[in-house]
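Engineer:
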Amino acid sequence: MMSRRQQLHLLSAALLAAGAIGSAQAQSDTVKIGLILPMTGPFASTGKQIEAAARLWMAQNGTAVGGKKVELVLKDDAGIADTTRRLAQELVVNDKVVALAGFGLTPLALAAAPVATQGKTPLVVMAAATSSITEASPWIVRTSFTLPQATVGIAEWAAKNKITKVVSLVADYGPGIDAEKFFVQRFTEHGGTVVDKLRTPMRSPDFAPVLQKVRDEKPDAVFVFLPSGQGTAFMKQFAERGLDKAGVKLIGTGDVVDDDILNEMGDVALGVVTSHHYSAAHNSTVNKAFVDAFQAANPRMRPNFMAVGGYDGMRLIYRGLEASKGAGGEALLEAMKTQRFESPRGPVSIDTATRDIVQDIYIRKVEKVGGALYNVEFETIKAVKDPGKAAK
Ligand code: VNL
């Protein structure tokens, strides 16, 4: 048996070799994109949304790109970081992928970051949203969002709209800690008071104890960040504990009223105000075409913000490969770092310095539109860069 250290040495050698011969692979006619997603486990909805969007992009744009044939290789990490790292290594060393993509949660993106660095392989984060992720490797480009970016809008909106006393409630890991920090900072700067900061475990959260605390503390509102997929359970318990009837408003980032599950939440979600970068109800020609095509291909699904991160991530790789004439490595990375386009979410660009996405953030309210629940955008904050980087 090899020790873990010996295994890591061997693996580093294989990754470095893979990085060094990257240019030789450019001779091949096919380029592979390694898409790693949680397709099973508690965060499978994120994987399903991104897979559907990536396949839609390919169906609409073909597989001939930059003189090569593009092939998508999908792997399921079930949301387990050790699995993500192993799959990323295999995709770089054995499949010689031109890019790694996906990454449904922060710990999964962070686990794969060193593989991208050692293998000199661009890595597109389509979902995970802790600010610091892009600093974990110079090979990372992100098409999702960051929690500071999504949070500051609602913090300012709340302070300007007669909400003075708030309890913050977040999932206890990277993105939740970012959300809490930036909510407290912005809301306080604008005159608000945060009376308590509550956290729930990332996996299998139990909302009963924190909701009881919120009830006892009687704030004007509770600010919530929970990862995509947990919103339904949270809303149900929020209503069961009578918090809506007690007059506690619910505000947050859009993750808690995610389009994937919003319509099953029922009327308790009506009136919830959040800030986020994407709503399926975004009023643009590009978005209407995207939603129609997505639903034609996936009749029982509504695209959410994860789908848009996946769709735009594929666009970045395609446009990058066109510019690099099918080459990977630095040429592909450089081409991806300077893009600017109209996404279904609105106008976006990649910040060349940080490799994060710059995008409009919308303030939205849950309303019934044609009998179904939607996040209806009513205010736009233009071209928001990740405030998490500027804060350092
Ligand atoms: C993360 C951020 C995951 C926001 C999410 O859903 C989300 C993350 C799975 O960085 O882990 O909505």
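Each residue of the sequence shown is one higher than the one before, starting from 506 at the first, in the numbering used here. Every residue gets a Cβ at the ideal spot worked out from N, C-alpha and C, and that includes glycine.
(1) Suppose contacts are defined by Cβ-Cβ distances below 8 angstroms. Is V620 in contact with V536 by that definition?
(2) Specify the secondary structure class of N803 as computed by DSSP and reduced to three states.
(3) Alpha carbon to alpha carbon, how far is Y816 from V570? Give it in angstroms, no decimals.
(4) Is G814 closer than 8 angstroms to I555 when the C-beta atoms are compared?
(5) Are the beta-carbon atoms belonging to K914 and D865 less than 8 angstroms from one another?
(6) Figure out for me which residue from P732, A751, F687, A676 has the closest Cα to the Cα of V715.
(7) Going by DSSP in three states, T916 sits in which element: helix, strand or coil?
(8) Given a cut-off of 8 angstroms, decide if D683 and P653 are closer than it, judged by their beta-carbon atoms.
(9) For the region 660–678 against the region 637–646, do three or more pairs of beta-carbon atoms, one drawn from each stretch, fall closer than 8 angstroms, so that the two count as touching?
(10) Taking only runs that begin and end inside the region 821–883, name each unbroken beta strand (DSSP E) of 3 or more residues, in chain order.
(11) Which residue marks the beginning of the beta strand (DSSP E) containing D587, and which one marks its end?
(12) In terms of residue numbering, what span does the alpha helix (DSSP H) encompassing A621 cover?
(13) Tell me whether K873 is buried or exposed, calling it buried when 16 or more other Cβ atoms sit within 10 Å of its Cβ.
(14) On the CB-based measure, 16 or more other CB atoms within 10 Å of its CB, does A564 come out buried or exposed?
(15) Can you tell me the Cβ-Cβ gap for L520 and Q594, rounded? I've got them flagged as a contact below 8 angstroms.
(16) Let me check you understand the geometry: is the CB of D760 closer than 7 angstroms to at least one non-hydrogen atom of the ligand VNL?
(17) Nearest by alpha-carbon distance to T611: which of S636, T626, T622 is it?
(18) Please look up how many angstroms separate the CB atoms of G609 and G681, rounded, as I've assumed it's under 8 angstroms.
(19) Compute the Euclidean distance between the alpha carbons of V729 and D534, then round it to the nearest angstrom.
(20) Determine the closest residue to A664 out of K686, T693, Y678, with distance taken between C-alpha atoms.
(21) Am I right that V778 and L731 are in contact with their C-beta atoms under 8 angstroms? What's the rounded C-beta distance?
(22) Given 7 angstroms as the limit, tell me if L674 has its C-beta closer than that to any heavy atom belonging to the ligand VNL.
(23) Which residues bound the alpha helix (DSSP H) around L561?
(24) From this set, N880, P724, V863, L878, which residue's C-alpha is nearest Q844's C-alpha?
(25) What would DSSP say about F730, mapped onto helix, strand or coil?
(26) Using 8 angstroms as the threshold, is the C-beta distance between V700 and E685 below it?
(27) Can you have a look at A531 and say buried or exposed, based on whether 16 or more other CB atoms are within 10 angstroms of its CB?
(28) Terminal residues of the continuous alpha helix (DSSP H) containing A899?
(29) Kindly confirm or deny that the region 613–627 and the region 800–808 touch, where touching means at least three C-beta pairs closer than 8 angstroms.
Structural biologist: If we stick to the structure as given:
(1) no
(2) coil
(3) Just so you know, the alpha carbons of V570 and Y816 end up roughly 16 angstroms apart.
(4) A contact, by the Cβ cut-off of 8 angstroms.
(5) Shown here, the chain extends from 506 to 897; a query on residue 914 therefore has no answer.
(6) A676
(7) Given a span of 506 to 897 for the chain in the structure shown, any question on residue 916 remains unanswerable.
(8) yes
(9) no
(10) For secondary structure counted as the beta strand (DSSP E) over 3 or more consecutive residues, the region 821–883 holds these complete runs in sequence order: 845–848, 851–855, 862–874.
(11) Annotation for D587: no beta strand (DSSP E) segment contains it, though the alpha helix (DSSP H) segment containing it runs 586–598.
(12) Per DSSP, A621 belongs to the alpha helix (DSSP H) from 611–624.
(13) exposed
(14) exposed
(15) 7 angstroms
(16) With a threshold of 7 angstroms, the Cβ atom of D760 counts as near the ligand VNL, since some heavy atom of the ligand is closer than that.
(17) S636
(18) Going by Cβ atoms, the distance from G609 to G681 rounds to 15 angstroms, so no, they are not a contact pair.
(19) 48 angstroms
(20) T693
(21) The Cβ separation is near 16 angstroms, so there is no contact.
(22) no
(23) 549–566
(24) Checked all of N880, P724, V863, L878; the closest Cα to Q844 is V863.
(25) Judged by DSSP in its simplified three-state form, F730 adopts strand.
(26) No, the Cβ-Cβ distance between V700 and E685 is not below 8 angstroms.
(27) Its pLDDT being 47, under 50, A531 is placed unreliably by the model, and nothing is read from it.
(28) In the structure as shown, the chain starts at 506 and stops at 897, and residue 899 therefore has no counterpart that could be examined.
(29) no
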